[in-house]
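Position 258 (the sequence shown) corresponds to 274 in the numbering used here; numbering is contiguous. A virtual CB, placed ideally from N, CA and C, is assigned to each residue, including glycine.
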Amino acid sequence: MDNKSFKEWSCLNREQEAYSLGKGDIRRWYQRDIDQITHSTCFRKLQRKSQLLSEKDPRSRSRLIHTIEVSRIAMEISEKLGLSKELTEAICLAHDIGTSPYGYIGNSFLKKRAEQDFSHEMAGALMLLMISEKVTDDEKYTNEIEALVEDDDFNGKAEIKISTFPNRLYVSRDIYKKKHGEKYYMHHISPEIIDGVFNHGEAGVPNTLEGQVVRFADNIAYLSQDIEDLFTTEILESRTYKSYASKNARLQLGKQSMSWRDIDSDEMPSLKDAFNENRGRRIAAFVSRFVAYNLKQLSSDKLETRSSEILQEKIPILECDQGMQFVINYIWNFIEQNYDHPLIQTSNAIQEEKIEQLWEIISNSQSGFPDKNPTYLKFMEKADAWSLFKKCQTEWKIAFFISHLSWFDVDLILDSYHERNNTFELDISY
Numbered sequence: 017m018d019n020k021s022f023k024e025w026s027c028l029n030r031e032q033e034a035y036s037l038g039k040g041d042i043r044r045w046y047q048r049d050i051d052q053i054t055h056s057t058c059f060r061k062l063q064r065k066s067q068l069l070s071e072k073d074p075r076s077r078s079r080l081i082h083t084i085e086v087s088r089i090a091m092e093i094s095e096k097l098g099l100s101k102e103l104t105e106a107i108c109l110a111h112d113i114g115t116s117p118y119g120y121i122g123n124s125f126l127k128k129r130a131e132q133d134f135s136h137e138m139a140g141a142l143m144l145l146m147i148s149e150k151v152t153d154d155e156k157y158t159n160e161i162e163a164l165v166e167d168d169d170f171n172g173k174a175e176i177k178i179s180t181f182p183n184r185l186y187v188s189r190d191i192y193k194k195k196h197g198e199k200y201y202m203h204h205i206s207p208e209i210i211d212g213v214f215n216h217g218e219a220g221v222p223n224t225l226e227g228q229v230v231r232f233a234d235n236i237a238y239l240s241q242d243i244e245d246l247f248t249t250e251i252l253e254s255r256t257y258k259s260y261a262s263k264n265a266r267l268q269l270g271k272q273s274m275s276w277r278d279i280d281s282d283e284m285p286s287l288k289d290a291f292n293e294n295r296g297r298r299i300a301a302f303v304s305r306f307v308a309y310n311l312k313q314l315s316s317d318k319l320e321t322r323s324s325e326i327l328q329e330k331i332p333i334l335e336c337d338q339g340m341q342f343v344i345n346y347i348w349n350f351i352e353q354n355y356d357h358p359l360i361q362t363s364n365a366i367q368e369e370k371i372e373q374l375w376e377i378i379s380n381s382q383s384g385f386p387d388k389n390p391t392y393l394k395f396m397e398k399a400d401a402w403s404l405f406k407k408c409q410t411e412w413k414i415a416f417f418i419s420h421l422s423w424f425d426v427d428l429i430l431d432s433y434h435e436r437n438n439t440f441e442l443d444i445s446y
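In structure tokens:
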């Protein structure tokens, strides 16, 4: 088992490819992608996007801190499994750029109000295309790049189909400026990253092993982070969490139960430290178990496979063992029991009220904001012109616009609206 790795299904070969379209650029593709992401406005906005508690509570993590912590967990796993750390890092850094100003609360709100299918994963994938956008009038690029997305490819649900990203560049065509000649938008971004961001949610199925690792690391990060924030805000005492699963306890979750003898059997690393108040030991317990279990399954040839549209071959499906998944579900159940705490309820109520007010201001023509705010007008003009948005309803575009904002931007909009000043600029550049 020690000699086994997932290297043959990794993107390590792609990691070594040089960026061939830049003059004098010595970076590899994923290195260039990482630079594009980290130097973008979308990434910087994460420092002012909420995670668990209200943005004004200094004890709670921001989405930027969450992103960095996910990156460290995922890169450690990728190294142990023999995967590309550069691709893993790139997906991690971008995985939440499409999240709302108010994290969980905001994402849920926008999903309901958008009316068409909408998610922060989808918004993030589209933001990646905008971050990496280059405009040209030269039609030759449609032949050189082999990836032209025709107008009818978009089916109205704002789907990102990886089959439309067969190469390093994605091209969309602007058909709304024919009087000036057609323009072609080239997007210098690796499709593996688009895929990893779009599919990192619970319903997603990443087309690379690196994307699968990020999906797992994201779950483990916010599982541990929410516990940590509950400690910091004194909603939960660390000793209470530690004693929640004593050595001889039988963990009960609904009608299901497992003993520690069942969970820690089969020579797998113990998960008891998942209930430790020390964050390092909590995370290490999950990471060690995940790595050991998948290497063991690989050695025994027991992993299921799936077809990867990106790699054009079957790749293994990384998974948690039964005991580990039970512990994850058990801890989530425990965390949710603390969501009824007055501090969290108050925080949620504040965020819900703000995003509700924001939506009404932006969607209501009588508010003056839609007709007077230059940033919003520029955004809607671009959204109306871009082929990927042409079948999107106005509500969907508003949800996507809000995904670009930080809680600081929201406060600016709300304060300015009450002063009847809707003409200020917002920074939603890429």
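Going along the chain, which residues of its own chain have a beta-carbon closer than 7 Å to the beta-carbon of residue i, five neighbours each way excluded?
{"i": "His434", "result": "none"}
{"i": "Phe22", "result": "Leu97, Gly98, Leu99, Leu225, Leu314, Pro332"}
{"i": "Thr104", "result": "Ala90, Met91, Ser94, Glu226, Val229, Val230"}
{"i": "Met284", "result": "Arg305, Ala308, Tyr309, Asp337"}
{"i": "Arg129", "result": "Trp375, Glu411, Ala415"}
{"i": "Ser422", "result": "Lys61, Arg64, Lys65, Pro117"}
{"i": "Ile299", "result": "Ile89, Ile236, Ser240"}
{"i": "Ser275", "result": "Arg266"}
Please list, in chain order, all residues of the same chain as residue i whose beta carbon is under 8 Å from its beta carbon, the five residues on each side excluded.
{"i": "Leu109", "result": "Ile50, Ile53, Thr54, Phe59, Thr83, Ser87"}
{"i": "Glu441", "result": "Pro390, Thr391"}
{"i": "Leu430", "result": "Lys370, Gln373, Leu374, Ile377"}
{"i": "Asn235", "result": "Ile344"}
{"i": "Ser381", "result": "Asp387"}
{"i": "Ser432", "result": "Asn438, Phe440"}
State the DSSP-derived secondary structure class of residue i, mapped to helix, strand or coil.
{"i": "Ile210", "result": "helix"}
{"i": "His136", "result": "helix"}
{"i": "His434", "result": "helix"}
{"i": "Glu149", "result": "strand"}
{"i": "Arg43", "result": "coil"}
{"i": "Leu99", "result": "coil"}
{"i": "Val109", "result": "It should be noted that the sequence gives Leu, not Val, for residue 109. Helix at Leu109."}
{"i": "Leu450", "result": "This structure does not reach residue 450, given that the chain is present from 17 up to 446, and the question cannot be answered."}
{"i": "Lys413", "result": "helix"}
{"i": "Ser379", "result": "helix"}
{"i": "Asn29", "result": "helix"}
{"i": "Asp167", "result": "The pLDDT assigned to Asp167 is 35, lower than 50, so where the model puts this residue is not dependable; a value taken from the coordinates is nonetheless given after this. Correct three-state label for Asp167: helix."}
{"i": "Cys336", "result": "coil"}
{"i": "Ser259", "result": "coil"}
{"i": "Leu126", "result": "helix"}
So who's on the other strand from residue i, going by DSSP bridges?
{"i": "Met470", "result": "Absent from the model: residue 470. The displayed extent of the chain is 17 to 446, so no value can be given."}
{"i": "Ser78", "result": "Ser66"}
Within its chain, find whatever has a CB closer than 6 Å to the CB of residue i; leave out the 5 residues flanking it on each side and keep chain order.
{"i": "His420", "result": "Ile444"}
Touching by the beta-carbon criterion (3+ pairs, under 8 Å), the region 387-394 and the region 329-338 | no
Say whether the region 103-123 touches the region 240-260, bearing in mind that this needs 3 or more beta-carbon pairs closer than 8 Å, one atom from each stretch.
-> no
Validate contact between the region 92-99 and the region 243-254 using beta carbons, cut 8 Å, 3 pairs = no
Which ranges does the beta strand (DSSP E) cover as unbroken runs of at least 3 residues, wholly within the region 268-334, from first to last along the chain?
-> 272-275, 321-324, 329-332
Hey, is the region 359-367 in contact with the region 293-310, meaning 3+ C-beta pairs nearer than 8 Å?
-> no
Would the region 371-388 and the region 270-279 be scored as touching if the rule is three or more Cβ pairs under 8 Å?
-> Contact between the region 371-388 and the region 270-279 is absent, because fewer than three Cβ pairs lie under 8 Å.
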